[in-house]
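With numbering that gives the first Met the number 0 applied, the sequence shown covers 0 to 1100. Everything on this sheet refers to the single structure shown next.
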Amino acid sequence: MLICTICVCQNQQNNIIPVTNSFNENINNSTITGASDPLHSKTLSLYDIWQFLNDNTSISHHLEVALHNRKLALENKNEDRRYNTLLSNYREKLGKVFYFNQNNYPSDTAGDLKGNVFYAQNSIIPAVNRIDGDIHPHLVPDRKTLIIFKPHETIKQNENIEVKVYNDKKEEIYSTHLLSPSQLPKIAGKKYSFTHLTPSDFNIPEASDLYINSSDMLEKVMADKNYFNQIISENNIIQLDIGNSTSNINLNALKNHVNKKIIFKLDDNAKLNIKYKNKSISREHQQSFVMVSDASGNWYSRDEARLNQHLKQALHQHKNQIPDFFDTEFSTNADINKISNDTKLFHQIISENDAIKIATQNCHWAKDFIIPNGRQYANKKILFTSKAHYNSDVIYGDNKVSIVTNDSLLFVSDQNGIWSIAETQSNTQENSYYDIPNSFTLKINTNKELLTLSRDIDYFNKIIDNNDTIHIATRNANWARHFTLENNVKFKNKKIYFSSEADYSSHVFYGDKKLTIKTNESQLFVCDENGFWRTSKDEPLINELTEEIKYIENGWSISLPKHIIKPGIELEFNYKNQKGTLADIKVGAASELLLHTIDIGMLTPNKNQFAFQTDPELQRQYYQQIPVNRMIVSSYAPVYLKEIVFPNGQYFIERSTDEGGGHKGDMREIIGKGLISDGINLANYGVNSSSLEENRFLPTSQITLHHSRGRYKNGLHVHGWSGGAGKATLSESVDNEFSHELGHNYRMSDYFKGFHGGVHATADKPNSTWGWDADNNFFIPNFEKAQRNQTTYLKEKKEGEMAAEPFMQHSMAKDAMSGGEIYDVDYNAYTLHTPASSEAIQQYFENNAVFSKESSTGYKKWDSDTQKMEDFLLPHSLKNIFIEAKIQNGHDVTETQLIDLLNVNDHIKINSYNAHYPPNVYIPKADVTNINKVIEIDCTSQLSIALHVNDQVETIKENTKIYYISNGNTWETHSEYTYSKTPYKQGVPVVTLVGFYDTNNQLKSYIYPALEGSYGMVYDTHTINKTKPYIAVTLADGTKKKYQLDEKQTNKDLMNKFHINIERDLNPIKAELFIDDQLISSRDIALSNLSLNTMVNGIIQ
């Protein structure tokens, strides 16, 4: 029998931790027997014991679990001590409210109820623009809309303000009551939800109900959320072993996921991304990480549970603070006795008011007051003060307390309406943990000293050890790029203050973190009791609770349902006998944005990291950032192109001979952008072919987004950071890159509109707004989340440059086109646009047509005169559709000849030029056989044509082009003709064929593997001219569909492109390219079984 104690020395803590007292059971159950076992030999080395432990997995597991849980326990104790200090330091700041919009403008409403009105859809819009030069978008129809009304008079929060909505016929279509100012949406992250979980709930248990340790099972968990949800429902504790790969896990908050625990155990090269609620967590390298669900089924990390405890404590302290003002006060004898004697009245007053003050004094007094418990009295405060010589008794629940002379007692109710007496607040305040010292024991500011600190960590540690406070100051010519602060318990309570006047940034590495100090920035680092360096930015409590910023004071609000937002609506606000009306509300077009998404690998597998394509939450978040009625996102199956053919005939199977890069590479431009992205767009308009340079047909807000990477002579390169002309090449599909490149598609340039378009502003200046998430009802402010207290410039700080000053130490943010950043990725992964940019984006949408199944033409477009979306005729190119009649110089074009042509073609062209001239042209009689058919006469010959039409003879002179269109009774004359193709189906799964063809058949034409998309437009085929190029598609039932291609090639050395949509349900199995009716190229179409989603506004259809 071996009984031993395993002790582990943790270097950071400098102490010995006993892990277990006995391995007796493990030894008895082991297979080790006999004297040959080293543990039974007379001499045991430490190596022998350690080797034994390594060979026994149960003991190793026990050791690992104990170490992990012991580490967490130590962190809890240390962090509790530090947070308690912080709570004391910042107690006085808790609960203070600051208002962003403090403007006082004339009333927006007509009538005796005066006030200002704001709307919000994706961002806040003033109903009446009061600032010169300010630009804002207007409302979009059929979109959920927040209304904010700020009355000019103060109205108590327990009062009612009614809003009515009228349509363009002055009929009331909706009415409701506004929510009080206390219920105005908060800034993202400021709405607290609490959990019963504590940090100790995140300890790793000895055993799990289920172990997932095979790659196949792990892949299934990641790919099939229903399967994973079922596993979680059936098991309380699950361990997932993450191997040497990247794993993406989604945790859904479900009612049957209550009190569950998942342990993620990562190998050395593993990477883990967890998404839950509006948040994400990434972990990598060897470690164990735990997620736990609470009684509501919501998932939390240990850090969140730890912070949650302190938030509850902090808000509890706020709850116990005396209000700055009261909704109602009682101080006269009559009023005090009325609420004392009439308990029903008193209870009604409590239910209608959040904060009440009752002040007694001699001659103004009552003997007792009864405060009832009940949910209708939740979250209330009543302050009793006494200067009377007589005591008053307060009965609350089953308790009674006497209020004596000079007493001041605050009663508070919890969320269930149970009353208690607020705890006494201490007025003492310790010195702030993060106060900058008034003086320093050492200042280092010379180039030599700074470089030595940067390069020699041991020397830096000696400096820290010998000095309690150090100031490290950089400036031009006296600077170092990086500094490292090592953790060491000897440095407890040391402070190092970094400040910079240098044009270059310095980086401070501390623990596993890095902080960059830029020009004119400073930061204080403090070493805590355990030897770990920290800054105030590392303390979520400070950032989350020391202040609350609301958009506007006294802002009454309500969300109006989307169906009532139409052109011509009016608002009416009613309070008691007062009324205020708001007319002339501009509501614009029901605009749409169609985004196609595809992941492309060129001579290498695709990247497989297109988050926006697969994550409905990311799509929803981007929709919340743009002024559009509907955003449709289609998915194309990923493509891995194992061979590449260029329009000049070049052919590659291993790598391109060009140099690749983020912004460069021939495959990036020719294949990813020119062939696939332009091809997808053009196929949806029914344009079957185009020259290499043609990509400017952009009649709708249709954009193809792609990830692409390729193998070049200089290696594998990911492409990105490019957008415009109906496409965007993205390295990542979140963050400012996404917003910026789509901005180029909205026809906005870099630094759009300069400072006044690129930099957000405070509410008293042009270009000010906040974002609004309509689904979650929170605001996204137009300033940075961190309090850097830095002035914001459009580009860089220069003398005379315009600048935006910070608001409450929050630096103002920038627009996506001007280097913007995300406010908080946990709540929205995209950049908030300035009002100037939002207005430009809206103009882009309203100037474009939209695909429409309801339209006779297949398209609709906003008509500003009628204020409606009207049917729109989309102009297509005429070059491919007209069939030329054969002409012999000097011979007539006969009626029989034209009848034969019109029997098989809808568009006939008679082209007359010198040496190619018909003296007479005989057009057949108009009847039902040729209704809507078109004959074009294009005469450039010196000799005139005698045109016989409608029983008359007309003379067609030189340089005349005229069109004749049959209405079934006569041939109508038109000087112009617009050709439009109408899709026979819209928004259906499609197979998109793309490739290159040489009309001269000198270069090798090529059909690329078919692309599979979830959403597209398809067009009927027409009779084709076999003397011109065409694509023939064979369907599974044996039928063929033929698509005409252009016979003209603008550059004989560069092939044309083709791009055609076929309805996927038709099951195409083969594509063939014909030139001069000869088969030139073919490809079998092998369709996958992938489930491709289409999402609208982030909702899977």
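Just so you know, even glycine gets a beta-carbon here, dropped at the ideal spot from N, CA and C.
Assigned secondary structure, residue i (DSSP; H/G/I helix, E/B strand, else coil)
i	result
K752	coil
P150	strand
Q612	helix
N249	strand
D334	helix
P988	strand
P125	strand
I348	helix
D665	helix
G416	coil
S676	helix
F651	strand
E1048	First, the residue type needs correcting, since residue 1048 is Gln and not Glu in the sequence shown. The answer is coil: DSSP assigns Q1048 none of H, G, I, E or B.
L38	Interpretation of L38 is limited by its pLDDT of 43, a score under 50 that renders its predicted location unreliable; the figure taken from the coordinates is listed afterwards. The answer is helix: DSSP assigns L38 an H, G or I state.
K254	coil
V291	strand
E303	helix
Q618	helix
N426	Any reading at N426 must be qualified, since the residue scores a pLDDT of 33, below 50, and its modelled position is unreliable; the value itself is stated next. In this structure, N426 counts as coil in the three-state DSSP scheme.
G742	helix
N683	helix
Q238	strand
N735	helix
F325	coil
R90	Confidence at R90 is low in this model, with a pLDDT of 47, below 50, so its placement is unreliable and no value can be given for it.
Y963	strand
Bridge-paired residues (DSSP) for residue i
i	result
R1104	In the structure displayed, the chain extends from 0 to 1100; residue 1104 sits before or after that span and is not available.
E820	Paired residue(s): none; E820 is not in a bridge.
H176	E161
C526	W532
I840	According to DSSP, I840 bridges with nothing at all.
V948	Q951
T384	A358 and S407
A636	None; A636 has no bridge partner.
A109	T580
Y826	Per DSSP, none; premise fails for Y826.
E883	K908
L872	None, per the DSSP bridge assignment.
Whole-number beta carbon distance between residue j and residue i, since they are thought to touch under 8 Å
i	j	result
D367	S412	Between S412 and D367 the Cβ distance is about 19 Å, and since that is not below 8 Å, they are no contact.
S391	W364	7 Å
K386	A354	20 Å between Cβ atoms; not a contact.
K149	G114	5 Å
A1142	T991	The structure shown does not extend to residue 1142, since the chain is modelled only from 0 through 1100, so no value can be given for it.
T954	S943	5 Å
I599	N607	The pair is not a contact, with the Cβ atoms about 11 Å apart (cut-off 8 Å).
H875	S979	6 Å
I471	I443	5 Å
Below-8 Å beta-carbon distance, residue i vs any chain B residue
i	result
I261	Absence of chain B from the displayed structure is noted, only one protein chain being present.
**Item:** Touch test, the stretch 1015 to 1025 against the stretch 1061 to 1080, Cβ-Cβ under 8 Å, three pairs minimum
**Value:** The stretch 1015 to 1025 is in contact with the stretch 1061 to 1080.
**Message:** Quick check: the stretch 274 to 285 against the stretch 159 to 173, are at least 3 beta-carbon pairs closer than 8 Å?
**Reply:** No, the stretch 159 to 173 does not touch the stretch 274 to 285.
**Request:** Decide yes or no for the touch test of the stretch 352 to 372 against the stretch 391 to 401: beta carbon pairs closer than 8 Å, at least 3 of them.
**Result:** With a cut-off of 8 Å, the stretch 391 to 401 and the stretch 352 to 372 count as touching, because enough Cβ pairs lie within range.
**Prompt:** Would the stretch 866 to 874 and the stretch 992 to 1001 be scored as touching if the rule is three or more Cβ pairs under 8 Å?
**Reply:** No, the stretch 866 to 874 is not in contact with the stretch 992 to 1001.
**Message:** Does the structure place the stretch 550 to 569 close enough to the stretch 136 to 145 that three or more beta carbon pairs sit under 8 Å?
**Reply:** The answer is yes - the stretch 550 to 569 touches the stretch 136 to 145, with three or more Cβ pairs under 8 Å.
**Message:** To test your reading of the DSSP string, which unbroken beta strand (DSSP E) runs of 3 or more residues are found completely within the stretch 445 to 512?
**Reply:** Whole beta strand (DSSP E) segments, 3+ residues: 468 to 473, 481 to 484, 494 to 499 and 505 to 509.
**Request:** Enumerate, from N- to C-terminal direction, the unbroken beta strand (DSSP E) stretches of 3 or more residues contained entirely within the stretch 1010 to 1051.
**Result:** Those beta strand (DSSP E) runs which fall completely within the stretch 1010 to 1051 and span 3+ residues are 1010 to 1017, 1029 to 1034 and 1039 to 1043.
**Message:** Taking 8 Å as the cut-off, does the stretch 607 to 623 touch the stretch 583 to 591 (at least 3 CB pairs, one atom from each stretch)?
**Reply:** Cβ pair count under 8 Å is below three, so no.
**Item:** Unbroken stretches of the alpha helix (DSSP H), 4 residues or longer, contained in the stretch 889 to 936
**Value:** Entirely contained in the stretch 889 to 936, the alpha helix (DSSP H) runs reaching 4 residues are, in chain order, 894 to 903.
**Request:** Indicate whether the contact test is met: 3 or more Cβ pairs, each with one atom in the stretch 339 to 351 and one in the stretch 219 to 228, closer than 8 Å.
**Result:** Pairwise C-beta distances place the stretch 339 to 351 out of contact with the stretch 219 to 228, as fewer than three of them are shorter than 8 Å.
**Message:** Within 8 Å, do at least three Cβ pairs link the stretch 445 to 452 to the stretch 474 to 484?
**Reply:** Put simply, the stretch 474 to 484 touches the stretch 445 to 452. At least three CB pairs are less than 8 Å apart.
**Prompt:** Is it a yes or a no for the stretch 626 to 633 touching the stretch 658 to 672, going by three-plus beta-carbon pairs under 8 Å?
**Reply:** Per the Cβ contact rule, the stretch 626 to 633 is not in contact with the stretch 658 to 672 (fewer than 3 Cβ pairs under 8 Å).
**Request:** Answer yes if the stretch 777 to 788 comes into contact with the stretch 753 to 769, meaning at least three C-beta pairs across the two stretches below 8 Å, and no otherwise.
**Result:** Contact between the stretch 753 to 769 and the stretch 777 to 788 is present, because at least three Cβ pairs lie under 8 Å.
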